[in-house]
Each structure stands twice: as structure tokens, then as C-alpha cells.
Amino acid sequence: MTDSDDSSHAGRPAPRSLTELFVTFTLLALQGFGGVLAVAHRSLVEQKRWLTREEFVELLSLSQLLPGANIVNMSLIVGDRSFGWRGALAALSGMMLVPLVVMLSLVAVYNHFSDHSAVAGALRGMAAVAAGLTLGMGLKLAASLRGNPLGWVLAAALGVATFVLIAVVRAPLMWVVPGLGLIGWALARWRLARREGA
Amino acid sequence: MNALSPADLLDLFSRFLMLSLLSVGGAISTAPEMHRFLVEQHGWLDDVGFTTSIAIAQAAPGPNLLFVAVLGYQVFGLTGAAAALIGMLLPSTLVTLAISRWGHARRDTPGVRAFVHGLAPMTISLLMAAGTVVAMPLVQAPEHRIGSLALILTTVVAMLLWRVSPIWLIAAGALIGALGLV
Numbered sequence: 010m011t012d013s014d015d016s017s018h019a020g021r022p023a024p025r026s027l028t029e030l031f032v033t034f035t036l037l038a039l040q041g042f043g044g045v046l047a048v049a050h051r052s053l054v055e056q057k058r059w060l061t062r063e064e065f066v067e068l069l070s071l072s073q074l075l076p077g078a079n080i081v082n083m084s085l086i087v088g089d090r091s092f093g094w095r096g097a098l099a100a101l102s103g104m105m106l107v108p109l110v111v112m113l114s115l116v117a118v119y120n121h122f123s124d125h126s127a128v129a130g131a132l133r134g135m136a137a138v139a140a141g142l143t144l145g146m147g148l149k150l151a152a153s154l155r156g157n158p159l160g161w162v163l164a165a166a167l168g169v170a171t172f173v174l175i176a177v178v179r180a181p182l183m184w185v186v187p188g189l190g191l192i193g194w195a196l197a198r199w200r201l202a203r204r205e206g207a
Numbered sequence: 012m013n014a015l016s017p018a019d020l021l022d023l024f025s026r027f028l029m030l031s032l033l034s035v036g037g038a039i040s041t042a043p044e045m046h047r048f049l050v051e052q053h054g055w056l057d058d059v060g061f062t063t064s065i066a067i068a069q070a071a072p073g074p075n076l077l078f079v080a081v082l083g084y085q086v087f088g089l090t091g092a093a094a095a096l097i098g099m100l101l102p103s104t105l106v107t108l109a110i111s112r113w114g115h116a117r118r119d120t121p122g123v124r125a126f127v128h129g130l131a132p133m134t135i136s137l138l139m140a141a142g143t144v145v146a147m148p149l150v151q152a153p154e155h156r157i158g159s160l161a162l163i164l165t166t167v168v169a170m171l172l173w174r175v176s177p178i179w180l181i182a183a184g185a186l187i188g189a190l191g192l193v
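Shown next, in the form of C-alpha cells:
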């Protein structure tokens, strides 16, 4: 895992134009079956290198807390940081316009094929791969926790608590994210203050 | 599809404006509220229509948020799709841009740095939980358990070992599923 570990901003690739933003987000949205996040990670972190792994996690944290779809918020922020509101608009419309046309066309044809067993099987196969992609991305991003001021014990405790609350207890995201987020923030603030020797 | 009355359209638009601000954790977390509004309160859509709209949006490419446009489309056609989607996007977009700019300007302060580090474990764990929640119904069906588990594990391994584009893995999954192997 040597990809884009440096956090320096100098000489980092960045979107060159509004068109590049629009096209990049259109292409990644169109590849996102069963969720766009895994494709966004590959495109923005591993291919374009507009974001480091750490920045990707940071934008995702912020997007989770804010109202709106995570991936939509992430596209807005990436666009905004490059070209202001015009960049935000370019990234957002890239994410939405062409996929919207594709989706509404699919709605029109769906009824003709919905009872084929091969269609149900294909959807099941795609769902299994989508689950694997999300889990794989989580494992890759977990490597970015090295060097986190929380230290591995607190980081692991927060991670396990999140997983249990969401996947096992099925507690509402609306409470888990602000609640554990506040605890994580307070712990990190305390660790940072201690590390920097107050 | 229903007859379009401007008052109904305005009702739909303003309701989605409000839901946008409540959609912490993604638009899908407001789906129960949309169901209450579209199915129970107004009867613009039936249960099957509602569930199918969400299923199609999740199977199709693009952000899952687009299910909002599909709901609007089934109620009021293209105007409904536009009203629902714009309503759902506008408030959350303004809030996101304002807070992101505010935080970015203060990114070296202890408060913002603690935010970046302190939330990272939770954010990564939410991804693992999301993957697990998607995997659960597949793994719980006895006749699909082994095939699904094998496909999920293969995908994780392929992703960790090679930089293969997700689209090829999804295509392979669709093919394997269509052949009845999972």
C-alpha cells in the first residue's frame, strides 16, 4: 500500500477544468452499480489522485454528518475546492445528469423483464459483488488509520462500536453518527492536546 | 401517473425540501417519510410502486439518491422527477458547501483536526457495516448462501490484490448470477 500516502499538497494532481470534473464524475457515476462509493474511491484516490486516502476518509466523515447523500456531498466538496461553486455544480451535474437519463429509461423497460429468473440472478450476483466492493474498500481505507492520534486501541474501539450499533443492533444512523462522532472528536481533541504537550 | 395540479406539485416540492435537511445518513434514511407522504397520505403511489422504485434505483448505475427522481417520475412524470430531485438536493447542497468552506478555512485548528482524526474509525467502520447489511439477505437465504459468500470473498480478495475496476467485477457478478451460480 504505497499509493498516495504523502499528505503534501504541492505538485498534487488536481482537476484541470470544469469539463474534466463533469466527465470524471459522469464516468464514475455510470460505473456505480449498487453504490458509487467504491468506484469514487478507485477513481479519485487511485487513478486521478485528486485525494489521498486520508482526505477521502475525511470528506466521507464530513459527508456522513451533513444532510444529503454521501457521494453527492463528496462530489460537491471536491468540485468546490477546485473551482468554487462552478466546480461544485459541474461535479454535481456530472454525478446526476447522465445517470438520471439512464435510470428513467430503465424504469420504462423494467416491467418487461422483471419476471425472468436470469434477471433476478444477475441482480443477486451484482449485489454480492457490491457488498464485496464496499468491504474491500473499508479494509483498504483502514490502513489510513495508521498514525491516527487516537492510537489503535481507541480507534479499534470506536470502529467496533460503530459496526455493532449499525450492523447488529440496527440503531438509526441519525443517532449513531452524531453520537459516536462527538465521542471520537472529543477523544481526538484530548489526544492531540496531550501529544502536542500543551 | 396522476393528473398534474400545480398545488400538488408545490406540495411535493416543499415536502422534499424539508426532507433534504433531515437526510443525515443519506436520502434513503428518509424513505419511510416519503412512503408516508406519497403512499399513505396522498395515495399517489401504491406499495409495490414504491418498493420497485427503490429497487430499480439501487440496481441501476448512479447514486442511489436517484430513487427520489424515480418516485417523482412515477407520481407526476418528468416534472415530478425534477421537483423531487431538485427539492431533495437544494437545501443539503447549500448546507454542505457552507460547512465545508467553513471547516476548510479552519483546517489547522485543533477542533477541525480532531474532527478529521476522531471520525475516521467510525466512517471506515460504517463502510464495513454497509457492506455487511447488503450481504446479509444474500447469505441468509440457504439456497444462495455458499455461492454468495464465495462471490463476496472473491471480490474482496480481487480488490485487495489487484487494481481491477469495480465495473468488471460487477459485470462478472451479473454474469455469474444470470447463469444461476449464486
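Which chain is which? The protein sequence lines are V and D, in order. Going by our numbering, the final residue of the first sequence carries number 207, and the count climbs one at a time with no gaps. Going by our numbering, the final residue of the second sequence carries number 193, and the count climbs one at a time with no gaps. The beta carbon of each residue, even a glycine, is placed where N, CA and C say it ideally should be.
Using the three-state DSSP reduction, which class does residue i fall into: helix, strand or coil?
i, result
"Pro76(V)", "strand"
"Val35(D)", "strand"
"Pro121(D)", "helix"
"Pro72(D)", "strand"
How many Å lie between residue i and residue j at the Cα?
i, j, result
"Met10(V)", "Leu132(V)", "Residue placement at Met10(V) is flagged as unreliable, the pLDDT there being 37, under the threshold of 50; the coordinate-derived value follows with that caveat. Going from the Cα of Met10(V) to the Cα of Leu132(V) covers about 32 Å."
"Gln73(V)", "Trp55(D)", "31 Å"
"Ala49(V)", "Ala161(D)", "25 Å"
"His115(D)", "Phe48(D)", "37 Å"
"Met170(D)", "Val110(V)", "30 Å"
"Ala182(D)", "Gly122(D)", "44 Å"
"Lys149(V)", "Gly141(V)", "12 Å"
"Arg200(V)", "Gly145(V)", "29 Å"
"Ile65(D)", "Val127(D)", "32 Å"
"Trp161(V)", "Leu32(D)", "34 Å"
"Ala125(D)", "Trp194(V)", "5 Å"
"Ala127(V)", "Ser159(D)", "15 Å"
"Ile163(D)", "Ala152(V)", "21 Å"
"Leu172(D)", "Ala94(D)", "44 Å"
"Arg90(V)", "Arg117(D)", "14 Å"
"Leu130(D)", "Leu15(D)", "45 Å"
"Val79(D)", "Ala129(V)", "23 Å"
"Arg198(V)", "Asn157(V)", "12 Å"
"Arg174(D)", "Thr120(D)", "36 Å"
"Trp94(V)", "Thr62(D)", "35 Å"
"Asp58(D)", "Pro43(D)", "12 Å"
"His46(D)", "Leu100(D)", "18 Å"
"Arg21(V)", "Leu23(D)", "44 Å"
"Ala78(V)", "Val193(D)", "30 Å"
"Gly88(D)", "Glu205(V)", "58 Å"
"Gln56(V)", "His125(V)", "37 Å"
"Ala68(D)", "Trp113(D)", "33 Å"
"Ala180(V)", "Ser40(D)", "12 Å"
"Ser111(D)", "Phe65(V)", "14 Å"
"Ser96(D)", "Leu98(V)", "The question names Ser, but residue 96(D) in the sequence shown is Leu. Cα to Cα, the separation comes out at about 15 Å."
"Gly191(D)", "Leu77(D)", "29 Å"
With a cut-off of 8 Å on the beta carbons, I'd call residue i and residue j a contact; round off their distance for me.
i, j, result
"Ala140(D)", "Ile175(V)", "4 Å"
"Leu68(V)", "Leu60(V)", "7 Å"
"Ser103(D)", "Ser25(D)", "Contact flag wrong, Cβ pair sits at about 15 Å."
"Leu159(V)", "Leu196(V)", "6 Å"
"Thr143(V)", "Gly91(D)", "At roughly 31 Å, the Cβ-Cβ gap does not stay under 8 Å, so Thr143(V) and Gly91(D) are not in contact."
"Arg51(V)", "Pro177(D)", "6 Å"
"Gly96(V)", "Leu30(V)", "6 Å"
"Pro108(V)", "Pro72(D)", "6 Å"
"Gly98(D)", "Leu28(D)", "5 Å"
"Pro132(D)", "Ala164(V)", "4 Å"
"Pro74(D)", "Gly88(V)", "Going by Cβ atoms, the distance from Pro74(D) to Gly88(V) rounds to 14 Å, so no, they are not a contact pair."
Should residue i be labelled buried (16 or more other beta-carbon atoms within 10 Å of its own) or exposed?
i, result
"Gln187(D)", "First, the amino acid is wrong: residue 187(D) is Ile here, not Gln. Per the 10 Å Cβ criterion, buried."
"Thr134(D)", "buried"
"Ser136(D)", "buried"
"Ile86(V)", "buried"
"Arg62(V)", "buried"
"Ser26(V)", "exposed"
"Leu180(D)", "buried"
"Met147(D)", "exposed"
"His155(D)", "buried"
"Val54(V)", "buried"
"Ala70(D)", "buried"
"Ala202(V)", "exposed"
"Thr166(D)", "buried"
Contact the segment 91 to 109 of chain V vs the segment 21 to 39 of chain V: 3+ CB pairs below 8 Å:
The segment 91 to 109 of chain V, when compared against the segment 21 to 39 of chain V, does touch it at the 8 Å Cβ threshold.
Check whether the segment 132 to 150 of chain V and the segment 96 to 116 of chain D touch, using three or more Cβ-Cβ pairs below 8 Å as the test.
no
Count the CB pairs spanning the segment 112 to 119 of chain V and the segment 77 to 86 of chain D that are closer than 8 Å, and state whether there are at least three.
yes
The segment 161 to 175 of chain V / the segment 66 to 83 of chain V touching (three or more Cβ pairs under 8 Å):
no
Three Cβ pairs or more, each shorter than 8 Å: is that satisfied between the segment 189 to 206 of chain V and the segment 148 to 165 of chain D?
Segments in contact, no.
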